[in-house]
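Protein chains in written order, with our numbering: chain A, 4 to 340; chain B, 4 to 340. Yeah, the Cβ is synthetic: ideal placement off N, Cα and C, and Gly gets one too. No experiment lies behind these values; they were computed from the predicted model shown.
There are 2 protein chains.
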Amino acid sequence: MSRQFDIAIVGATGLVGGMLVELLAASDLPVGEVALLASAESAGKRLAFRGRHRSTQALDEFDFSTVQLAFFAVPEAIAQVHAERAAEAGAIVIDVSGAFAADQSVPVVVPEVNAEMLTDFRERGIIASPSPGSIQLAMVLKPVLDAVGLGQINVTVCESVSEAGRPGVDELASQTARLLNGQNPEPKLFSQQIAFNALPQTGAVLESGASRSEVRLALETMRVLGEPGLRINATCLRLPVFFGTSLVVQLETGQPLDAGQAVALLESAPGLVVVERPEGATLIGDALGHDAVWVSRVRADLSREQGLNLCLVTDNLRKGAALNCVQIAELLIKDHL
Amino acid sequence: MSRQFDIAIVGATGLVGGMLVELLAASDLPVGEVALLASAESAGKRLAFRGRHRSTQALDEFDFSTVQLAFFAVPEAIAQVHAERAAEAGAIVIDVSGAFAADQSVPVVVPEVNAEMLTDFRERGIIASPSPGSIQLAMVLKPVLDAVGLGQINVTVCESVSEAGRPGVDELASQTARLLNGQNPEPKLFSQQIAFNALPQTGAVLESGASRSEVRLALETMRVLGEPGLRINATCLRLPVFFGTSLVVQLETGQPLDAGQAVALLESAPGLVVVERPEGATLIGDALGHDAVWVSRVRADLSREQGLNLCLVTDNLRKGAALNCVQIAELLIKDHL
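Given below as structure tokens:
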């Protein structure tokens with residue numbers, strides 16, 4: 004008789020939560036009971052999991068001692084409160100919110116890169132799944148770091164509105180429709196009109212001038228790679244794009260690495276698809292709906308000896324969040340539970 | 004009796020050409036006769052200039068010996084042929100196409116930065132106005148270079164569809180409308196759907212893997228600053244935005260310069276507006292319809308000692324193209340003709 008695991012999906016009515024429901028249902032994981040949790044206002048909604056319908060329950064009242072695994076796909080402030088409560092009740096928490104990015108007692112895991120860090124989860128019972136930008140960056144830096152080392156890394160992260168959840172998607176959709184009908188776009192969630200505009204900031208701006216998204220990217224990538232001294236400098240933008248996260252990466256290598264060598268290295272790394280078309284890979288043309296991180300425009304930085312440029316795209320709901328959590332759960336169950 | 008200058012506007016029915024007509028008409032320049040030139044298909048169209056309507060004439064047949072100044076706002080391949088012809092006929096050419104970016108006998112001018120280079124125009128009779136990205140970058144690098152010197156400069160340029168001319172604007176508009184009506188977006192001009200997508204390449208990709216836009220940005224910025232050894236590394240993206248050009252600049256300074264000092268330096272530089280709101284400046288919220296280059300998110304690069312980050316936005320049709328040309332013409336007439 005094989006073991007079964009009872010699970011909770013926290014934020015089940017959200018975008019990442021919905022993708023977790025879909026991917027967990029399609030996975031080979033030995034899932035027993037499933038609790039779908041949401042805010043009190045969204046409780047009572049009917050969702051299907053592996054052919055059976057369940058009502059969403061209110062997060063506030065849920066007893067986490069009834070499950071072994073809890074997936075958290077809620078904003079940081081909510082995760083901060085309830086993830087600790089779930090872990091204290093004995094559930095192993097896998098969290099995407101970023102609430103534990105700086106917490107050294109919580110491992111930050113991208114299975115293709117640092118599966119070995121999963122041994123560290125028992126102290127707190129919480130495992131962090133990094134941001135979509137951090138996941139892509141760590142996956143592409145890992146083979147380069149191992150082969151030739153890394154110097155300064157400059158990154159521009161282009162976040163889609165879905166990284167701000169369903170309200171972000173609704174805002175871009177409604178502003179676009181309003182503008183096409185000659186109406187005022189009425190910004191609510193974002194500080195400025197997002198339709199046909201680009202915003203040079205995502206997340207709260209800290210006293211240093213950096214945003215939380217930028218600090219999170221650098222911190223999580225260093226932690227996943229196990230290189231606290233790595234020099235990662237990021238700017239995070241918000242684009243008028245519904246889904247997906249794109250990165251422009253401009254890096255300095257420790258030793259020379261030409262574009263051909265870089266392509267060969269990246270092609271053999273797990274989870275990456277390298278596209279050599281001159282026009283590169285795009286969210287809508289390539290990444291959305293797929294599991295990989297797409298790498299393109301791999302080329303020398305012509306301004307210096309050891310510079311390398313590349314562009315990345317991935318589906319922020321899949322490898323950027325829900326898929327990474329499911330992979331962490333698979334690894335946990337296979338090797339650690 | 005004051006002098007008058009007869010002028011030609013080549014590409015008068017295009018986006019930059021239309022802005023040239025508007026800005027030249029509103030300027031104090033002593034304009035005599037105005038020839039509005041376009042392709043044979045667009046010839047015969049009626050356009051107003053300072054209250055008088057004129058028919059556009061075919062570029063192919065125009066005799067440039069009848070004008071003293073010719074503004075070229077046409078694609079590179081057309082500029083290559085007709086700008087030389089105009090200059091040989093005795094007109095002074097001001098060209099925005101990029102056809103002469105690498106030509107050392109043609110000065111590349113941003114009046115706020117290198118007005119003194121205008122003395123060099125007589126050899127060929129051609130002056131180049133740089134790309135919208137190069138203009139912004141040169142304007143912001145100049146005061147930093149003069150104060151503390153510059154090391155490696157990494158830039159992500161976000162081009163709007165209008166940088167590909169009117170067909171680019173039409174493609175984003177029609178794809179957006181088609182998608183909102185449940186129809187296939189049908190990419191034509193751009194390699195992939197541009198609506199709600201971001202493309203990691205603009206302009207033809209060269210054998211080195213860099214695009215012409217990326218090479219042009221580095222080359223023009225170095226030439227405007229008079230610093231052929233500057234290390235500028237660029238990635239140019241196309242965003243689903245109608246107007247404006249945005250830059251993410253991540254630079255290394257020659258000597259330490261903190262964010263406060265940088266803001267003070269940039270505030271006193273000509274043509275820049277520094278915005279200290281945490282959320283930064285955006286195209287639609289700030290730059291479009293205005294003449295300045297807007298600088299925001301000026302902050303330290305937390306990953307190293309002498310790193311500085313900032314974001315730029317400007318109206319690509321104004322300071323990015325037509326306004327820069329008008330300023331060059333004003334300087335020419337005042338000091339050199």
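> Quick one: what's got a C-beta closer than 8 Å to A:A265's C-beta in the same chain, skipping five residues either side?
Replying inline: Within the first sequence, numbered from 1, the residue matching residue 265 of chain A stands at position 262. For A:A265, where only same-chain residues beyond five positions count, the Cβ hits under 8 Å are V147, V301, L311 and L313.
> What do you reckon, are the CB atoms on A:I138 and A:I235 nearer than 8 Å?
Replying inline: The count along the first sequence starts at 1 and reaches residue 138 of chain A at position 135. The count along the first sequence starts at 1 and reaches residue 235 of chain A at position 232. No. Outside cutoff.
> Since A:I130 contacts A:L121 with CB under 8 Å, what's their CB separation in whole angstroms?
Replying inline: For the purposes of this step, residue 130 of chain A is taken as residue 127 along the first sequence, with counting starting at 1. For the purposes of this step, residue 121 of chain A is taken as residue 118 along the first sequence, with counting starting at 1. With 8 Å as the limit, A:I130 and A:L121 qualify as a contact, their Cβ atoms being about 7 Å apart.
>> Which of the three DSSP states is assigned to B:I197 in this structure?
In response: Translated into positions along the second sequence, residue 197 of chain B becomes position 194. The answer is coil: DSSP assigns B:I197 none of H, G, I, E or B.
>> Using beta carbons (cut-off 8 Å, strictly below), is A:D318 in contact with chain B?
In response: Taking the first sequence and counting its residues from 1, one reaches residue 318 of chain A at position 315. Judged by the 8 Å Cβ criterion, A:D318 is not in contact with chain B.
> Quick one: does A:M4 have its CB under 8 Å from some CB of chain B?
Replying inline: Residue mapping note: residue 4 of chain A aligns to position 1 of the first sequence, counting from 1. Because the pLDDT of A:M4 is 43, which lies under 50, any placement of that residue in the model is unreliable, and the number read from its coordinates should be weighed accordingly. So no, A:M4 is outside the interface.
> Which word fits B:D31, buried or exposed, when buried means at least 16 other C-beta atoms lie within 10 angstroms of its C-beta?
Replying inline: The residue you call residue 31 of chain B lines up with position 28 of the second sequence. It is exposed - the Cβ of B:D31 has fewer than 16 other Cβ atoms within 10 Å.
> In its own chain, which residues sit with a C-beta less than 7 Å from the C-beta of A:L291, not counting the 5 before and 5 after it?
Replying inline: Taking the first sequence and counting its residues from 1, one reaches residue 291 of chain A at position 288. If we look at A:L291 and ignore the five residues flanking it on each side, its Cβ neighbours are F246, G247 and D318.
>> Looking at chain A, is there any beta carbon in it that lies within less than 8 Å of the beta carbon of B:E282?
In response: Numbered from 1 along the second sequence, position 279 holds the residue referred to as residue 282 of chain B. Yes - at least one Cβ of chain A is within 8 Å of the one on B:E282.
>> Which runs of the beta strand (DSSP E) at least 3 residues long sit entirely within the stretch 70–106 of chain A? Give them in chain order.
In response: 72–75 and 95–98
> Can you tell which of B:G185, B:E25 and B:P170 has its C-alpha closest to the C-alpha of B:R53?
Replying inline: Here residue 53 of chain B is taken as the residue at index 50 of the second sequence, counted from 1. If we check each option's Cα against that of B:R53, B:E25 comes out closest.
>> Short of 7 Å in beta carbon distance, which residues of its chain neighbour B:R169, apart from the five on each side in sequence? Order them along the chain.
In response: Mapped onto the second sequence, residue 169 of chain B falls at position 166. Cβ neighbours of B:R169 beyond the five flanking positions: G17 and L18.
> For B:S216 and chain A, any beta-carbon pair shorter than 8 Å?
Replying inline: The residue you call residue 216 of chain B lines up with position 213 of the second sequence. Not an interface residue.
>> To test your reading of the DSSP string, which unbroken beta strand (DSSP E) runs of 3 or more residues are found completely within the stretch 227–304 of chain B?
In response: 235–241, 248–256, 275–278 and 296–303
>> When you compare the CB positions of A:L275 and A:V296, do they come within less than 8 Å of one another, or not?
In response: Locating residue 275 of chain A in the first sequence gives position 272, counting from the first residue. Locating residue 296 of chain A in the first sequence gives position 293, counting from the first residue. It is a contact, given that the beta carbons lie within the stated cut-off.
> Would A:S216 pass as a contact of A:V316 if the rule is Cβ separation under 8 Å?
Replying inline: Indexing the first sequence from 1 puts residue 216 of chain A at position 213. Indexing the first sequence from 1 puts residue 316 of chain A at position 313. No; because the gap between Cβ atoms is not below 8 Å, this pair is not in contact.
>> Quick check on the DSSP output: the beta strand (DSSP E) that includes A:V37 runs from which residue to which?
In response: Walking along the first sequence from the start, residue 37 of chain A turns up at place 34. Segment V34 to A41, the beta strand (DSSP E) holding A:V37.
> How about the stretch 111–127 of chain B and the stretch 320–338 of chain B: do they share at least three Cβ pairs that are nearer than 8 Å?
Replying inline: yes
> Residues in the stretch 284–307 of chain A with C-beta within 8 Å of chain B's C-beta atoms, listed in sequence order?
Replying inline: A284, T285, L286, I287, G288, S299, R300, V301, R302, A303, D304, L305, S306 and R307
> How big is the Cα-Cα spacing for A:I287 and A:K322?
Replying inline: As a working mapping, residue 287 of chain A is identified with position 284 in the first sequence. As a working mapping, residue 322 of chain A is identified with position 319 in the first sequence. Cα to Cα, the separation comes out at about 15 Å.
>> I need the DSSP call for A:N184, collapsed to helix, strand or coil.
In response: The residue given as residue 184 of chain A occupies position 181 in the first sequence. If DSSP states are grouped into helix, strand and coil, A:N184 belongs with coil.
>> Could you pull the DSSP bridge partners for B:I138 from this structure?
In response: Here residue 138 of chain B refers to the residue found at position 135 when the second sequence is read from its first residue. B:I138 pairs with nothing; no bridge assigned.
>> Within a Cβ cutoff of 6 Å, which residues of the same chain sit near A:T159, ignoring the five residues on either side of it in sequence?
In response: Mapped onto the first sequence, residue 159 of chain A falls at position 156. The answer, listed in chain order, is T238 and V251.
>> Quick check: is the beta carbon of A:R234 nearer than 8 Å to any beta carbon in chain B?
In response: Within the first sequence, the letter at position 231 stands for residue 234 of chain A. Yes, because at least one Cβ of chain B sits closer than 8 Å to the Cβ of A:R234.
> Secondary structure at B:N327, three-state DSSP: helix, strand or coil?
Replying inline: Here residue 327 of chain B refers to the residue found at position 324 when the second sequence is read from its first residue. Of the three classes helix, strand and coil, the one that applies to B:N327 here is helix, per DSSP.
> Can you list the residues of chain B that A:N187 reaches, using a CB-CB cut of under 8 Å?
Replying inline: Here residue 187 of chain A refers to the residue found at position 184 when the first sequence is read from its first residue. Ordered by position in chain B, no residue passes the 8 Å Cβ test against A:N187, which lies about 12 Å from the chain.
> Got a sec: is the Cβ-Cβ distance from A:G212 to anything in chain B below 8 Å?
Replying inline: To locate residue 212 of chain A, count along the first sequence from 1; it is residue 209. So yes, A:G212 belongs to the interface.
> Do A:V99 and A:A76 have their C-beta atoms closer together than 8 Å?
Replying inline: The count along the first sequence starts at 1 and reaches residue 99 of chain A at position 96. The count along the first sequence starts at 1 and reaches residue 76 of chain A at position 73. The answer is yes: Cβ separation under 8 Å.
> Just to check, is the beta-carbon of B:L320 closer than 7 Å to a non-hydrogen atom of the ligand FAD?
Replying inline: Among the components of this structure there are no ligands whatsoever, and the ligand FAD is therefore not found.
>> According to DSSP, simplified to helix, strand and coil, what is A:Q155?
In response: What you label residue 155 of chain A is simply residue 152 of the first sequence in a count that begins at 1. DSSP places A:Q155 in strand when its eight states are reduced to three.
> Taking C-alpha atoms, which residue in A:S134, A:P259 and A:E308 lies nearest to A:A167?
Replying inline: Position 164 of the first sequence, counted from the first residue, corresponds to residue 167 of chain A. The option with the nearest alpha carbon to A:A167 is A:S134.
> When the Cα atoms are used, what is the spatial distance from A:D66 to A:A46?
Replying inline: As a working mapping, residue 66 of chain A is identified with position 63 in the first sequence. As a working mapping, residue 46 of chain A is identified with position 43 in the first sequence. Rounded to the nearest angstrom, the two C-alpha atoms are 15 Å apart.
> With C-beta atoms as the reference, is B:L242 less than 8 Å away from B:A201?
Replying inline: The residue given as residue 242 of chain B occupies position 239 in the second sequence. The residue given as residue 201 of chain B occupies position 198 in the second sequence. Cβ atoms of B:L242 and B:A201: closer than 8 Å.
>> By the three-class DSSP mapping on this structure, what secondary structure does B:E162 have?
In response: Along the second sequence, read from residue 1 onward, the residue named residue 162 of chain B stands at position 159. Of the three classes helix, strand and coil, the one that applies to B:E162 here is strand, per DSSP.
>> Any beta carbon from chain B within less than 8 Å of A:L202's own beta carbon?
In response: The residue given as residue 202 of chain A occupies position 199 in the first sequence. Yes, because at least one Cβ of chain B sits closer than 8 Å to the Cβ of A:L202.
> chain B partners of A:P243, CB-CB under 8 Å?
Replying inline: What you label residue 243 of chain A is simply residue 240 of the first sequence in a count that begins at 1. F199, L242, P243 and V244, listed in chain order.
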